[in-house]
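A.B. asks: When you read off a place in the sequence shown, starting at 1, and then add 551, the result is the number in the numbering used here.
Quick reminder that beta carbons are idealized off the backbone N, C-alpha and C, glycines included.
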Amino acid sequence: MTLEISLQALRKVNIMQRMEILAPAKINLFLDVLGKRPDGYHNIKSIVLPVSVYDRIVLENQADDIVTVAPSEIHLPGIPWPMSLCPPAENLATRAARLLQETTGYRGGVRIVLEKNIPLGAGLGGGSSDAAAVLKGLNELWQTGFSLERLMTLGAQLGCDIPAFIQGGCLCLEGTGERLKPVRRSRRQPLWLLLVYPGFAVSTSDIYARCDAGLTVMGVADKFQQVADGLEQGLTRQVATGLYNALQPTVLRKYPLLELLKNKLETTDALGVELTGSGSTLYALVENAEHGNALAERLRANIACPVWTSVAQAI
């Protein structure tokens, strides 16, 4: 018995030397911008939903420093040019590890291996999701014992939407994104969507600076409720009737290609089409995976520009 317990403990120690995590993307089913704050940030109200497109992160304990291994660029299917990544020492995953190390006084280090699959500057939250995954993973790997709330407070120092990825699930975000409330979602019927990325990034700060924040749009409150009720009842078509993004007009004015892509998607049998975040990714709600794949093929056949597409579902 003693030997068995010792072996179990040894296995646990060995397991805790390495951890593999999948960091999901997100979409905004609803995003209203309520106005600019004195600190320069904007108050928002949003419903965010994690979806099944993932960055893969491997954490490996090591004696001293924090080292991130990541490619200098990523190659997305359908996009003929590579997308450049920021230097590993500057990305959010590395910064999250350093912040936790400094906060806890942990003397060891970690090797972070980052496999990027979520497009950059796309409104899908890839960098924030990576940071959240590193904070949660290292909290377990380093046995720091921080609560979820403490990790969320740390994450907010690096980015407004990191706390949402730390908590996980379908959420309503308010304030700058720091006030989180779970949104009830029925699991009886999967929610499927097609993601369309045009091969270029959009600057979030630039779009927020340009948007007409605080302007009242009639029916916005109704749209929020339509999305929330549709999620709770598992009715994708009802969710589709409430899709809303206050940043979308600003983004489409600046990027005519996105307006063209959105118009093309809206002429199909997609249930609903919207921009996620500040772009540049559009998404179309669809009936199922087959519907999403057919929509992607139809889109490619009707446009001259390359795009990355991915059929995903809510998780």
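Assign K774 to one of three DSSP states: helix, strand, or coil.
C.D. replies: As a first step, residue 774 is located in the sequence shown; it is residue number 223 there, counting from the start. In the three-state reduction of the DSSP assignment, K774 falls in the helix class, which pools H, G and I.
A.B. asks: What's the C-alpha gap between G830 and R658?
C.D. replies: Taking the first residue of the sequence shown as 1, we reach residue 830 at position 279. Taking the first residue of the sequence shown as 1, we reach residue 658 at position 107. Approximately 39 Å, taken between the alpha carbons.
A.B. asks: Within the same chain, show all residues whose beta-carbon is closer than 6 Å to that of A752, passing over the 5 residues directly before and after it, in chain order.
C.D. replies: Stepping through the sequence shown from its first residue, residue 752 is reached at position 201. L671, G672.
A.B. asks: Do you know offhand how far N839's Cα is from Q777's?
C.D. replies: In the sequence shown, counting from the first residue as 1, residue 839 sits at position 288. In the sequence shown, counting from the first residue as 1, residue 777 sits at position 226. The alpha-carbon of N839 is positioned some 21 Å away from that of Q777.
A.B. asks: Under three-state DSSP, which class holds R851?
C.D. replies: Translated into positions along the sequence shown, residue 851 becomes position 300. When secondary structure is reduced to three states using DSSP, R851 falls in the helix class.
A.B. asks: Report all residues from its chain with a CB closer than 8 Å to the CB of G688; omit the five preceding and five following residues, and keep chain order.
C.D. replies: Locating residue 688 in the sequence shown gives position 137, counting from the first residue. Here the set comprises M570, I572, I608, L610.
A.B. asks: Check F581 in the structure and name its three-state DSSP category.
C.D. replies: As a position in the sequence shown, residue 581 is number 30, starting the count at 1. Looking at F581 - three-state DSSP - the assignment turns out to be strand.
A.B. asks: Can you list, in chain order, the residues of its chain with a C-beta nearer than 8 Å to that of A835? Leave out the 5 residues immediately preceding and following it.
C.D. replies: The count along the sequence shown starts at 1 and reaches residue 835 at position 284. So the list reads L744, L745, V747, L816, T819, A821, L822, G823, V824, G843, L846, once near-sequence residues are dropped.
A.B. asks: Please name the residue, chosen from Q718, Q694, D712, that lies closest to E700 on a Cα-to-Cα basis.
C.D. replies: Locating residue 700 in the sequence shown gives position 149, counting from the first residue. The shortest Cα separation from E700 among Q718, Q694, D712 belongs to Q718.
A.B. asks: I want to know whether the segment 675-682 touches the segment 612-630 - three or more CB-CB distances under 8 Å.
C.D. replies: A contact is defined here as three or more CB-CB pairs under 8 Å, and the segment 675-682 fails this definition with respect to the segment 612-630.
A.B. asks: From K596 to C637, what does the alpha carbon distance come to, in whole angstroms?
C.D. replies: Position 45 of the sequence shown, counted from the first residue, corresponds to residue 596. Position 86 of the sequence shown, counted from the first residue, corresponds to residue 637. About 30 Å.
A.B. asks: Tell me where the beta strand (DSSP E) around P589 begins and ends.
C.D. replies: Translated into positions along the sequence shown, residue 589 becomes position 38. No beta strand (DSSP E) contains P589, which DSSP labels as neither H nor E.
A.B. asks: Note down, in chain order, each residue of its chain lying with its Cβ closer than 6 Å to the Cβ of Y806, except the 5 sequence neighbours on either side.
C.D. replies: As a first step, residue 806 must be located in the sequence shown, where it is residue number 255. The answer is none, since no qualifying residue turns up.
A.B. asks: Could you name the residues that DSSP lists as bridge partners for T538?
C.D. replies: For the chain, the structure presents residues 552 to 866; residue 538 sits outside this window and is missing.
A.B. asks: Please state the DSSP three-state secondary structure of N612.
C.D. replies: Here residue 612 refers to the residue found at position 61 when the sequence shown is read from its first residue. If DSSP states are grouped into helix, strand and coil, N612 belongs with the strands.
A.B. asks: Taking the Cβ atom as the reference point for each residue, do G750 and V858 lie within a distance shorter than 8 Å?
C.D. replies: As a working mapping, residue 750 is identified with position 199 in the sequence shown. As a working mapping, residue 858 is identified with position 307 in the sequence shown. Against a cut-off of 8 Å, the Cβ pair of V858 and G750 comes out as a contact.
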